[in-house]
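Asker: Right, I'll just put the structure down here and ask away after.
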Amino acid sequence: MRSLLDHVRTMLPTLRPSEQSVARYVLEHADEVTHMRIVDLAQEAKVSEPTVVRFCRNVGCSGFQAFKLELAQQLGAGLGRTLELQSTDSIEAVSQKTFDAALLTLREISANLPGSTLTEACRLIDNARHIECIGYGGSHPIAIDAQTKLFRLGIKTSCNADIHIQRMSVMTMTSRDVVLAISQSGRSKDLLNVLEQARYEGAQIIGIGPGSSPMEKLCSVFLAAGDGDANEMHQAASPLPTRLGHMLIVDVLVASLVLQLGNIGRSHIDNMNQALNQLRLPKPGAPKTSDDL
64 MRSLLDHVRT
74 MLPTLRPSEQ
84 SVARYVLEHA
94 DEVTHMRIVD
104 LAQEAKVSEP
114 TVVRFCRNVG
124 CSGFQAFKLE
134 LAQQLGAGLG
144 RTLELQSTDS
154 IEAVSQKTFD
164 AALLTLREIS
174 ANLPGSTLTE
184 ACRLIDNARH
194 IECIGYGGSH
204 PIAIDAQTKL
214 FRLGIKTSCN
224 ADIHIQRMSV
234 MTMTSRDVVL
244 AISQSGRSKD
254 LLNVLEQARY
264 EGAQIIGIGP
274 GSSPMEKLCS
284 VFLAAGDGDA
294 NEMHQAASPL
304 PTRLGHMLIV
314 DVLVASLVLQ
324 LGNIGRSHID
334 NMNQALNQLR
344 LPKPGAPKTS
354 DDL
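Residue numbers (my numbering): 64 to 356.
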């Protein structure tokens, strides 16, 4: 498939003079464009913002953001360097790079997530007697989120923060049980030890983490997301782009399970929502019910 920059070169003679200014700047400063705002590119190319949008659409993209993401994706080796946070970055640059990194990561995960793997993960969860959700550090809140969402579907699940309790829990597992493990690095020694124990007991393991990691080798089903080698300055930020991807994979699994469970799943959700509504203040202007009196 022809690259976006090659397409821009081909289209250059057919563009309006103002759009040609944008095209030439993009061809000469491709790396820089991937973390620019639309106003920045317009200023550098000495055109208006609507001209930038027209240029993007004329070369086959829906808008500037879509153009920028496709360009960044195709630059390959230059991508990490472009989106890395630098100590000299302004707050605007930090904001733009963080959003760009998140959007690009989500797009890559979505494009590389096989439907057959998701289907198998849903099958294991649906047939499980019990599910243990595991995650350490920044992945622990995602494990809790997974446990909460599966619990709302009526699925028996737990999420223990204590490594000793986790190890004892997996020692009671059988082939009817499932571990849902989430890891940003895929190399946590504590996590790998627990997964090895779960595998020894015969449990099925669903993993969400970076591909080609030690974690992947221990999993029955693996949903690859991230490379486990985020830029050091990005690691200090929260949430990380990869972490957002892990959260969305959990949401995809839960949404798929809701459809798979049909009326039973929706009934569990409705019952949970009714119970939670009793713990909330009524919305302004909402009619009072017998529970409010």
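We put the CB at the ideal spot given by N, CA and C, even for glycine.
In this text, all values refer to a predicted model and were calculated from it rather than measured experimentally.
So, is Lys-231 buried or exposed, given that buried needs 16 or more other C-beta atoms within 10 angstroms?
Answerer: Position 168 of the sequence shown, counted from the start, is the residue given in the question as residue 231. Rather than Lys, the amino acid found at residue 231 in this sequence is Met. Flag for Met-231 reads exposed.
Asker: Please confirm whether Ser-165 and Leu-307 have their CB atoms less than 8 Å apart.
Answerer: By 1-based counting over the sequence shown, the position of residue 165 is 102. By 1-based counting over the sequence shown, the position of residue 307 is 244. Contrary to the premise, residue 165 reads as Ala rather than Ser in this sequence. Yes, the Cβ-Cβ distance between Ala-165 and Leu-307 is below 8 Å.
Asker: Where DSSP assigns a beta bridge to Ser-221, which residues make up the other side?
Answerer: Here residue 221 refers to the residue found at position 158 when the sequence shown is read from its first residue. Looking at the DSSP assignment, Ser-221 forms a beta bridge with Glu-195.
Asker: Would you tell me roughly how many angstroms separate the C-alpha atoms of Pro-113 and Val-313, rounded to the nearest one?
Answerer: The count along the sequence shown starts at 1 and reaches residue 113 at position 50. The count along the sequence shown starts at 1 and reaches residue 313 at position 250. Their Cα atoms are separated by approximately 38 Å.
Asker: Measure the alpha-carbon distance for Met-335 versus Arg-215 and round it to whole angstroms.
Answerer: As a first step, residue 335 is located in the sequence shown; it is residue number 272 there, counting from the start. As a first step, residue 215 is located in the sequence shown; it is residue number 152 there, counting from the start. Between the C-alpha atoms of Met-335 and Arg-215 there is a straight-line separation of about 6 Å.
Asker: Just confirm the distance between the C-beta atoms of Cys-185 and Leu-320, as a whole number of angstroms; I'd bet it's less than 8 Å.
Answerer: Mapped onto the sequence shown, residue 185 falls at position 122. Mapped onto the sequence shown, residue 320 falls at position 257. Rounded, the Cβ-Cβ distance is 6 Å, consistent with contact.
Asker: Look up Gln-267 in the DSSP assignment and say whether it is helix, strand or coil.
Answerer: On the sequence shown, position 204 is the one that residue 267 refers to. Three-state DSSP puts Gln-267 in a strand.
Asker: What is the rounded straight-line gap between the Cα of Pro-80 and the Cα of Met-99?
Answerer: On the sequence shown, residue 80 is found 17 positions in, with the first residue counted as 1. On the sequence shown, residue 99 is found 36 positions in, with the first residue counted as 1. The alpha-carbon atoms of Pro-80 and Met-99 are separated by roughly 22 Å.
Asker: Looking at the strands, I want to know which residues DSSP matches up with Ala-244.
Answerer: Within the sequence shown, the letter at position 181 stands for residue 244. Per DSSP, Ile-197, Gly-270.
Asker: Using the Cα positions of Pro-347 and Val-115, report the straight-line distance between them to the nearest angstrom.
Answerer: Your numbering for residue 347 matches position 284 in the sequence shown. Your numbering for residue 115 matches position 52 in the sequence shown. Approximately 44 Å between the Cα atoms of the pair.
Asker: Using C-beta distances below 8 Å, list every residue in its chain close to Glu-155, excluding the 5 sequence neighbours before and after it, in chain order.
Answerer: The count along the sequence shown starts at 1 and reaches residue 155 at position 92. Arg-100.
Asker: Is there at least one Cβ from chain C nearer than 8 Å to Leu-187's Cβ?
Answerer: This model lacks chain C altogether; it includes just one protein chain.
Asker: How many whole angstroms separate the CB atoms of Leu-134 and Leu-167, which I take to be in contact at a CB cut-off of 8 Å?
Answerer: Sequence index remark: in the sequence shown, residue 134 carries index 71 (1-based). Sequence index remark: in the sequence shown, residue 167 carries index 104 (1-based). Not a contact, Cβ separation roughly 10 Å.
Asker: Evaluate contact between the stretch 240-249 and the stretch 269-280, counting only Cβ atoms and requiring at least three cross-stretch pairs below 8 Å.
Answerer: yes
Asker: Would you say Phe-118 and Leu-78 are within 8 Å of each other, going by their C-beta atoms?
Answerer: The residue labelled residue 118 in the question sits at position 55 within the sequence shown. The residue labelled residue 78 in the question sits at position 15 within the sequence shown. Yes, Cβ-Cβ distance for Phe-118 and Leu-78 is below 8 Å.
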